[in-house]
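Written below as structure tokens is the structure these notes are about.
Protein chains: 2
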Amino acid sequence: MSTAKNRHHHGDLKRALIQAGIDLLEEGGLEALTLRKCAARAGVSHAAPAHHFAGLPGLISAIAEEGFAIFSKHMTDAIKAGEQTDRERLRSICRGYLQFGLSHSGLLKVMFGEHGLGIHAPRNKREEADAYLILRSVCAPFVLDGEDPHTVEAQVWSLIHGFTLLYIGGEFGCSTTPIEDSPFEAVMALIDRIGTQTET
Amino acid sequence: MSTAKNRHHHGDLKRALIQAGIDLLEEGGLEALTLRKCAARAGVSHAAPAHHFAGLPGLISAIAEEGFAIFSKHMTDAIKAGEQTDRERLRSICRGYLQFGLSHSGLLKVMFGEHGLGIHAPRNKREEADAYLILRSVCAPFVLDGEDPHTVEAQVWSLIHGFTLLYIGGEFGCSTTPIEDSPFEAVMALIDRIGTQTET
DNA sequence: GATCAAATTTGACACTGTAAAGTTAATCTT
DNA sequence: AAGATTAACTTTACAGTGTCAAATTTGATC
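Top to bottom, those sequences are chains H and E. Positions 16 to 215 (this note's numbering) are the ones given, in order, by the first sequence. Positions 16 to 215 (this note's numbering) are the ones given, in order, by the second sequence.
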């Protein structure tokens, strides 16, 4: 009696298909992601995936969900690294966001894409590592008195999400050497002003 | 002797194909955009587009280029509306950015997508209406002494681009009634702090 | 009017998603 | 334990897609 859920031929086909899909996605982008190729990589016939996902959109949704899990782990690690002040944690999460985008650009696009469900889709397991809750907790210390928490979240999220996508897309002069670049530092400088009093 | 470049059967097939592509894109998203459907809508055979574009990616690039032209006009109109202060112009361009995204979401995704070429691709005609130059000119008044102009541009662009994509994706509670909503106002409040002195 | 080149069509091929029917293997029932 | 049942997977088939090579049409040129 193994830990795998499926009993027949393949040990855990569903997971194997998701992993094959992620590999194809990161190797050749969304266009290379194909049900038949995933099936071939998993060693099953081309129609097998239909029994585990609702077509290609269904597989993409599952990949996106797995992507959010990886993303959440990435964020959690970025925050846990050493003792940090609230401000440092906010900076760390932004750096982690960009780094995730750089190393998993295909995954990030799928997560927020057409069939990606978005960040608020209910993930069955480990609610405490939910990506949105991480963002929320890191932003919380910078919510001013009487201010809506969503305000800070929207500011931080929009800034780092927009910068990451534009940076990945090469809009800031395609992938200049270090991350510590002027446009990123500009964004971080603005992040640093969030949660401070506006000058009169 | 007409103004059309093409001499044979169709008056201006290239433009007709691009327009058909934009229609398909906004009707059914990127998945509905197909060379054969574009050809059918333009009333030509399925292989005709190959003589005007480098395959589907080529058509998408052309659509993206047309999208940037529409985008630039949208921005220009937003700025020209009435006499505005520099600060009002900055707010207007951000509102225009979001409004364009709301009414042309498919086009916006293609413009910054895989085959979209991005905002810096050389557009042959009307350089003065280039989208990036518009952003640059609106941001210019808020560049502090000795500061890199790219700083302000990166801040403004990242903020409004990220917010627009997240808003379109329904991440802020899918399309709440008016644009003057709390998350958008939060972003605008941060925009209003750009170009002001940081408190000591 | 014959020639020529560009624009478009026709036909074909490989690849894709998808559905229906068939096959295998593990579980259940009695 | 033997047959029935069901889940996992395969096989087969079909419509739609991009793409290529070869006709074919069309407008212009000489």
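Beta carbons: idealized from backbone N, C-alpha and C, even for Gly. All figures in this text were calculated on a predicted structure; none of them were measured in a lab.
Interface residues of chain E facing H/LEU181 [CB-CB closer than 7 Å]: Going along chain E in sequence order, the residues near H/LEU181 (Cβ under 7 Å) are TRP172, SER173 and HIS176.
Just the C-alpha distance for E/ALA136 and H/ALA204, rounded to the nearest angstrom, thanks. Roughly 28 Å separates the two Cα atoms.
When you compare the CB positions of E/GLY82 and E/LEU122, do they come within less than 7 Å of one another, or not? Taking 7 Å as the Cβ cut-off, E/GLY82 and E/LEU122 qualify as a contacting pair.
Which term fits H/SER60, buried or exposed, when burial requires 16 or more other beta carbons within 10 angstroms of its beta carbon? With fewer than 16 other CB atoms across the displayed protein chains lying within 10 angstroms of its CB, H/SER60 is exposed.
Within 10 Å of its beta-carbon, does E/HIS95 have 16 or more other beta-carbons around it, so buried, or fewer, so exposed? A small fix is needed here, since residue 95 of chain E is Lys in this sequence, not His. It counts as exposed.
So, at 6 Å on beta carbons, what are the nonlocal neighbours of H/LEU74 in its own chain, with the 5 sequence-adjacent residues on each side left out? GLY36 and PHE68.
Please go through the segment 74-130 of chain E and give each complete alpha helix (DSSP H) segment of 4 or more residues, from N-terminal end onward. The segment 74-130 of chain E contains, as complete alpha helix (DSSP H) runs of 4+ residues, the segments 101-118 and 120-126 (chain order).
Would you mind sorting E/HIS176 into buried or exposed? The rule is 16 or more other CB atoms within 10 Å of its CB. Buried, by the Cβ-count rule.
Terminal residues of the continuous alpha helix (DSSP H) containing H/PRO198? 197-208 is the span of the alpha helix (DSSP H), which, as asked, contains H/PRO198.
Can you confirm whether E/GLY82, when its beta carbon is compared against all beta carbons of chain H, has any partner nearer than 7 Å? Answer no: the Cβ-Cβ gap between E/GLY82 and chain H never drops below 7 Å.
Using only CA atoms, which one of H/ASP27, H/GLY161 and H/LEU180 lies nearest to H/PHE115? Each of H/ASP27, H/GLY161 and H/LEU180 was checked against the Cα of H/PHE115, and the nearest Cα belongs to H/LEU180.
Mind pulling the chain H residues with CB within less than 7 Å of E/ASP163? Ordered by position in chain H, the residues that pass the 7 Å Cβ test against E/ASP163 are SER197.
Short Cβ contact (7 Å threshold) for E/SER120 with E/ILE183: In this structure, E/ILE183 lies closer than 7 Å to E/SER120 by Cβ.
So, are the CB atoms of E/GLU186 and H/ILE85 less than 7 Å apart? With contacts defined by Cβ atoms closer than 7 Å, E/GLU186 and H/ILE85 do not form a contacting pair.
Which residues in the same chain as H/THR18 place their Cβ atom closer than 8 Å to its Cβ, once the five residues preceding and following it in sequence are excluded? Bear in mind that a pLDDT of 37 at H/THR18, under 50, signals an unreliable position, so the model cannot answer this.
Please work out which residues of its chain come closer than 6 Å, Cβ to Cβ, to H/ILE149, disregarding the five sequence neighbours upstream and downstream, and give them in chain order. Closer than 6 Å at Cβ, skipping near neighbours: MET90.
Roughly how many whole angstroms lie between the Cα atoms of E/SER118 and H/VAL125? C-alpha of E/SER118 to C-alpha of H/VAL125: approximately 22 Å in a straight line.
Could you check if H/PHE51 is buried or exposed, using at least 16 other CB atoms within 10 Å of its CB as the buried criterion? Looking at the sequence itself, residue 51 of chain H is Arg, so the reference to Phe does not match. Looking at its Cβ environment, which holds fewer than 16 other Cβ atoms inside 10 Å, H/ARG51 is exposed.
Straight-line CA distance for E/PHE157 to E/GLY210? Cα to Cα, E/PHE157 sits roughly 4 Å from E/GLY210.
Looking at chain H, which residues of the segment 123-134 of chain E have a Cβ within less than 7 Å of any of its Cβ atoms? For the segment 123-134 of chain E, the set of residues with a beta-carbon nearer than 7 Å to any beta-carbon of chain H comprises PHE127, GLU129, GLY133 and ILE134, in chain order.
Using DSSP with H/G/I as helix, E/B as strand and the rest coil, what is E/SER173? Correct three-state label for E/SER173: helix.
Are the beta-carbon atoms belonging to E/PHE178 and H/SER173 less than 7 Å from one another? A Cβ-Cβ contact shorter than 7 Å links E/PHE178 with H/SER173.
What's the C-alpha gap between E/SER197 and E/HIS66? Near 49 Å, if we compare the C-alpha coordinates of E/HIS66 and E/SER197.
Under 9 Å from the C-beta of E/VAL158: neighbouring residues of chain H: In chain order: nothing, as chain H lies at least about 11 Å away.
Kindly give me the distance between the Cβ atoms of H/LEU39 and H/ALA31, rounded to whole angstroms, as I take these residues to be in contact under 8 Å. In fact, because the Cβ distance is near 12 Å, the residues do not count as touching under 8 Å.
Should E/SER76 go down as buried or exposed, given a rule of 16 or more other Cβ atoms within 10 Å for buried? So E/SER76 ends up on the buried side.
Under three-state DSSP, which class holds E/THR166? The answer is helix: DSSP assigns E/THR166 an H, G or I state.
In terms of alpha-carbon separation, which member of H/LYS29, H/ILE206, H/PRO72 and H/SER107 lies closest to H/ALA57? It is H/LYS29.
Would DSSP call E/GLN34 helix, strand or coil? Residue state, collapsed to three classes: helix.
Flag E/GLU186 as yes if its beta-carbon sits less than 7 Å from any beta-carbon of chain H, otherwise no. For E/GLU186, the answer is yes, since a Cβ of chain H falls inside 7 Å of its Cβ.
Where does H/HIS61 fall in DSSP's three states? In the displayed model, H/HIS61 falls within coil according to three-state DSSP, outside both helix and strand.
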